[in-house]
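Chains as they are written, first to last, in my numbering: chain A, 20 to 773; chain B, 1328 to 1607.
The structure appears right after this line, and notes come after that.
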Amino acid sequence: MSVKTRTRRDILGTSALRPDAVPKVQGKFAFSSDLWAENMLWGATLRSPHAYARIVSIDTTAAWKIDGVECVLTHEDVPGKPTYGLIASDQPVLARDFVRYMGEPVVLVAGDHPETCRRALAAIKVEYEVLEPLVDPEKSIDLSVPPIHPDGNLIRRQQIIRGDQSLIGEVVVEGNYELGMQDQAFLGTEAALALPDPGGTGVELYVATQWLHEDRGQIAACLNLPEDKVRLVLGGVGGAFGAREDISLQVHSCLLALRTSRPVKMQYSRQESFFGHVHRHPARIWMRHHATKDGRLLRVEARVVMDGGAYASTSSAVLINAVTHVQGPYKCEHATVDGYAVRTNNPPCGAMRGFGVVQACFAHEGQMDKLALACGISPVDIRLINAMETGDRLITGQTILNSAPVAQCIRETAEIPMPPNMTNDTDVLAIPGGSGLTATPSKIRRGIGWGVSIKNLMYSEGFDDFSTARCTVEDGRVSLKFATSEVGQGFVTLAPQIARTVLGLDEVFIETIDTGIGSAGSTSASRQTWMSGGAVNGACKLVATNIIAEVAKMRGLDPSTLQIQGTDIVDLSGNAVESVVAATKGKRFSETYEFHHQPTGELDENGQGDCHTAFAFVAHRAVVDVDPDLGLVKVVQIATAQDVGRVLNPLSLLGQVEGGIAQGLGLAVMEEIIVENGRVRNPSFTDYLLPTALDAPDVIARYVEVPDPYAPLGAKGVGEPPCISVTPAIVAAIRDATGVDLLRVPVRPQDICL
Amino acid sequence: MIYSPKSISNAVQILQDDPDAQILSGGTDFMVEVNFGHRAPTSVLSLRAIKELCTWSQQDGVIRIGSALPYAQMETGPLAKLLPALAQAARTVGSPQIRAAGTLGGNLGTSSPAGDSLPVLYALDATIIIATATGERRMAVKDFMVGPKRNALSKGEIITAVELPASTGYQGYSKVGVRNAMVISIASACLVHNPIDRSVRLAMGTVGPTIIRASAAEKWLGEECDLASASSITPAICAEFGRRCGDESQPITDHRSTAEYRRHAVSVITSRLLERCAAS
């Protein structure tokens, strides 16, 4: 019998479609906001109108009297730990003595209708003694203001001291860079449905989150329940981008459900969502680069200040990412870096796609352009001269062991053809100002800019980062069980691709994603393809081994002479012994696998240590058209070559690349939460502007495939890199078009033309 | 209570009987206010079933547009050919979904200085037709809007139509926003050239408490050039005209932009509109 050679559908390397693609397009996919249960109540949150105030009194009597109100809860009603937090448990479930940011939750209500809840919230009287908010991060560093939280105003300081601290380069350039506060702006706002167990002994929570098990631990502690009495099921998630790493309404909905003994649904409006999750850290970064006169980077000096807002969230980890990436994807021996993450009464900040590296990259890429100019060489050459390679040491002393095709990314990006020049026939909608018809074509100027970045993948600093998966094969069908949050990134597409490829079976089913198996870790840090992909791959390989062993036993063969090829089990000469479907007929195989990445270590006080586990690289070239008189910008084209290790699903990958570029473009030219004295001024999609189809550029993407020796599938995480260096590339292109030294994002029209 | 009358007279009568009824047309402002809790209607008067409000007509050089005609119908088609500036303004309103619902009646009723169609109505000296308990009254648009989100409409009245002159000269509209579509105006302007009465009319949006006519700049331009044609308008005149329009603006600083930028931007777009007029 010879092996049938047929093209198999939906294995690794193909553009398998998302299983939820059609329902999502048709509006039939159930997002968390669509959750519903018989006899369900609605929950709602009363939030602080002040950035900083002392709570004098809370009077809920009037709210209790409203028809349909079933429950009103304050901090006194939290049965367990009064605080939660991802790294430090510093954020109250409900504010007790102080509110520390505008929007902080103070009181919860449950009622028979959202309108009932709204009236109940309006009837609650909270007396505040309003205090002067701390909004300047520098005042948190110099300790000139009393602590606004028992943990103090400095969340973390980290220095990096390496090499010659007095080295002065032949060429020295410096700049002060600033980034505004970006929002993740996922389309599906926070939503959850909590179902209490009879007698209040436990709770089941359907929720849109990035990490079921981490949520469970924090929820159980606040509810004073054992972890096994809190079961989490993933609700349909409409995007995450880091904003679902922290707890939002998880504890609140469970509290209300347990207190009322009824299902409780909570769902944030768009406005509430802006107050309900953390944002990207605004940052001020000073950098001074030292180089030889021919452009070789010698030393980086940097001071990084990140405004963490009122609570710690992941600020300390975001800071470490920022300070350990200040050199960019470039060789550099000497460094003097001082970084601070501080507490203020601004909105809390935490995880967002790029996680601290976005901020560092905007500054180091601005510096590379200044260096190029000072040395009289091109932006491309300055980056090629300094491009990092495998084996190079970072300023932390860590050696890069991963594939590091930085120069190749730059070269392949440079080879992508430029877009055509604007002509009289160019659609007016495609020039700066778009539908507003502001532009006069002859006055438009074109610019080109570059950005290249390095991004750590997965968790760092000694964190025991792992993912768990179970593979069960029965009667020729595969079922996969894991707790990996599907937030739109595509793991529900990839996992079956892995199973089909490893097991030679076509029919793959994904079991409910819940806490009924070990943790998968967070869907963040570009980690799930590597981590949960590694776990699924591992579990499937164990099952494959068992199937082969069974076939070998039945047929009296040596199992080491058999392997799965295509859909068959074949012998050493490649002859099919039996199809995998036939071999598993009437049988059941099941294995669970836990995948851990290479361990990482801590940083010492001088910022030295192998704190990251893996890195990915990407290059971006932006072409923009600018109306210099009005300061309006149209990003015409983004060319990119990304270090992906191996392409597992071309369509899904392109989605990540194009989406990340749109998000990076947003930060470059429009997306900012405007905060004035601690108050958010634009909590709506009317005023928080996201790029539309008319703002999105043509994206031309190439993939550099150098399989990573440490990646279980050879593939690197691809989620974050697309959004990192595209921002500085666009700003560099605007500088090129206008000659204005723009050092702040988002670039506002007045920054260009006034 | 939801009322859905089929005629204007019925609608006016309903407002007499139930003075608290709130008027709903496209709902693109109304529903936002409801969702934010700024408006809690106990009864609603929907204009959707009144066919007359959703039509337009042309007679004796006057174009009459029903107050409930959606922007989508002004953006393209025969009305767009008659009123190109209105078509351009309509295209800048929100998204296709919003343009399928939003109306001139809504822009007038809300009377935001950022209402996208309003500079066009001001530059064309539109007449607003208002149904009252006793019949109908007509009002010049410049008298209609009295401040930010304030207008001369009395309780019980309904905006039924807008009358605009069919014009033969150039007309153009321009709007500055921080994104290339679907954005609230930071500064906008409409310029209308009437070669017959030798005038250029220029109205500016989002740079003052109401829409502002740049009357002094219009007058200066009329003195500088013979506006029987656009041929005598030079680039230098355009630049000076823009500067003078900027001088007449009264912008504020808010979270969307600064007063300085708004004044600058309105100068640039008014100057460019005059350049387009000269080149037409």
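C-beta: ideal position from N, C-alpha, C; glycine also.
Because the structure is a prediction, the values reported are computed rather than measured.
- request: Consult DSSP for I339/A and reduce its assignment to one of helix, strand or coil.
  value: Helix at I339/A.
task: Say whether the segment 627–647 of chain A touches the segment 564–580 of chain A, bearing in mind that this needs 3 or more beta-carbon pairs closer than 8 angstroms, one atom from each stretch.
output: By the criterion of at least three beta-carbon pairs nearer than 8 angstroms, the segment 627–647 of chain A is not in contact with the segment 564–580 of chain A.
- prompt: Considering only residues of the same chain and omitting the five flanking positions on each side of L140/A, which have a CB-CB separation below 7 angstroms?
  reply: For L140/A, the CB contacts under 7 angstroms within the same chain, skipping 5 residues up- and downstream, are A63, L65 and V128 in chain order.
field: Listed by chain order, chain A residues near H1582/B by CB distance under 7 angstroms
entry: At a C-beta separation below 7 angstroms, H1582/B has these neighbours in chain A: I693, R700, N701 and D706.
message: Using 8 angstroms for Cβ pairs, my map puts I473/A next to H344/A. What's the rounded Cβ distance?
response: About 6 angstroms separates the CB atoms of I473/A and H344/A; that is less than 8 angstroms, so the two are in contact.
task: Please list the partners that Y1588/B has in chain A, where partner means a Cβ-to-Cβ separation under 7 angstroms.
output: Correct list: P768, Q769 and L773.
message: Could you tell me which whole alpha helix (DSSP H) segments of length 4 or greater appear in the segment 36–114 of chain A?
response: Runs of the alpha helix (DSSP H) lying entirely within the segment 36–114 of chain A and spanning at least 4 residues, in chain order: 40–45 and 80–83.
message: Here's a check: name, in chain order, each residue in its chain whose Cβ is nearer than 8 angstroms to the Cβ of E1550/B, leaving out the five neighbours to either side.
response: Hits under 8 angstroms: none found.
- prompt: Just how far apart, CA to CA, sit M20/A and V249/A?
  reply: Only weak support exists for where M20/A lies, its pLDDT of 42 falling under 50; the value from the coordinates is given anyway. Rounded to whole angstroms, M20/A to V249/A spans 53 angstroms at the Cα level.
message: Taking 7 angstroms as the threshold (C-beta atoms), are T220/A and E89/A in contact?
response: Contact: no.
field: Below-7 angstroms beta-carbon distance, V22/A vs any chain B residue
entry: Because V22/A carries a pLDDT of 46, less than 50, the predicted location of this residue cannot be relied on, and the following value inherits that uncertainty. Closer than 7 angstroms: no.
- request: Establish whether the CB of Q1415/B and some CB of chain A are separated by less than 7 angstroms.
  value: Q1415/B has a beta carbon lying within less than 7 angstroms of a beta carbon in chain A.
message: Using only the alpha-carbon positions, how far apart do R1426/B and T1355/B sit?
response: When rounded, the separation of the alpha-carbon atoms in R1426/B and T1355/B is 9 angstroms.
field: Identity of the residue in D727/A, S543/A and V399/A nearest A641/A by Cα
entry: Put simply, of D727/A, S543/A and V399/A the residue whose alpha carbon is nearest the alpha carbon of A641/A is V399/A.
message: What are the residues in the segment 454–474 of chain A lying within 7 angstroms of chain D by C-beta distance?
response: You won't find chain D in this structure, because its protein chains are A and B.
task: With DSSP collapsed to three states, give me the class of Q1386/B.
output: Here Q1386/B carries a strand assignment [DSSP, helix/strand/coil].
query: Relative to the alpha-carbon of S744/A, which residue among M325/A, L212/A, I429/A and S292/A has its alpha-carbon at the smallest distance?
result: Nearest C-alpha to S744/A: I429/A.
- request: Have a look at L672/A, E695/A, V750/A and E739/A and flag the residue whose alpha-carbon is nearest the alpha-carbon of Y722/A.
  value: Of all alpha-carbon atoms in L672/A, E695/A, V750/A and E739/A, the one lying nearest the alpha-carbon of Y722/A is that of L672/A.
query: Between Q203/A, K47/A, I529/A and T79/A, which lies nearest to V145/A when the distance is taken from Cα to Cα?
result: The shortest Cα separation from V145/A among Q203/A, K47/A, I529/A and T79/A belongs to T79/A.
query: Does DSSP classify M20/A as helix, strand or coil?
result: Its pLDDT being 42, under 50, M20/A is placed unreliably in this model, and the value from its coordinates should be taken loosely. DSSP places M20/A in coil when its eight states are reduced to three.
task: Taking 8 angstroms as the threshold, find out whether the segment 481–497 of chain A comes into contact with the segment 613–623 of chain A through three or more Cβ pairs.
output: Short answer: they touch.
query: Among residues of its own chain, excluding the 5 on either side of T520/A, which ones have a beta-carbon nearer than 6 angstroms to its beta-carbon?
result: Cβ neighbours of T520/A beyond the five flanking positions: I30 and L31.
field: Straight-line Cα distance separating H69/A from N696/A
entry: If you take the alpha carbons of N696/A and H69/A, they lie about 10 angstroms apart.
Straight-line Cα distance separating V694/A from A227/A: Linking A227/A to V694/A through their CA atoms gives a straight-line distance of about 27 angstroms.
query: P710/A versus chain B: which residues are under 9 angstroms apart at the beta carbon?
result: Within chain B, R1506 and N1507 have C-beta atoms less than 9 angstroms from the C-beta of P710/A, given in sequence order.
message: Does the CB of L649/A have a neighbour CB from chain B at under 7 angstroms?
response: Interface residue, yes.
query: Going by beta carbon distance, what residues of the same chain come within less than 8 angstroms of R1617/B, once the five residues before and after it are set aside?
result: For chain B, the structure presents residues 1328 to 1607; residue 1617/B sits outside this window and is missing.
- request: Give the interface partners of Y1500/B over in chain A, defined as CB-CB distance under 8 angstroms, in chain order.
  value: Those within 8 angstroms of Y1500/B in chain A are L456.
message: What does the Cβ neighbour count give for F528/A, buried or exposed, with the cut at 16 atoms within 10 Å?
response: It is exposed - the Cβ of F528/A has fewer than 16 other Cβ atoms within 10 Å.
task: Kindly list the residues whose CB is nearer than 7 angstroms to the CB of R235/A, restricted to its own chain and excluding five residues on each side of it in sequence; keep chain order.
output: Excluding positions up to five away in sequence, the list reads E246, V249, L251 and T534.
- request: Measure the beta-carbon distance from D755/A to G327/A and round it to whole angstroms, keeping in mind my assumption that it falls under 8 angstroms.
  value: Actually they do not touch by this definition, with Cβ atoms about 34 angstroms apart.
- prompt: Does M121/A come within less than 7 angstroms of chain B when only Cβ atoms are used?
  reply: Chain B, which has no Cβ nearer than 7 angstroms to the Cβ of M121/A, makes this no.
V22/A versus A563/A - alpha carbon distance: A caution first: V22/A carries a pLDDT of 46, below 50, which makes its placement in the model unreliable, though a value can still be read off. Taking the straight line joining both Cα atoms gives about 18 angstroms.
- prompt: If we count the other Cβ atoms within 10 Å of its Cβ and call it buried at 16 or more, is L162/A buried or exposed?
  reply: Classification for L162/A: exposed.
field: Cutoff 6 angstroms; reference Y359/A; Cβ partners in own chain excluding five residues on either side
entry: Beyond the five residues adjoining it in sequence on each side, Y359/A comes within less than 6 angstroms, by CB distance, of I160, R176 and V324 in the same chain, given in chain order.
- request: Mind listing, in chain order, the continuous beta strand (DSSP E) runs of no fewer than 3 residues lying wholly within the segment 577–622 of chain A?
  value: As far as the segment 577–622 of chain A is concerned, its whole beta strand (DSSP E) runs of at least 3 residues are 582–584, 587–589, 595–598 and 607–615.
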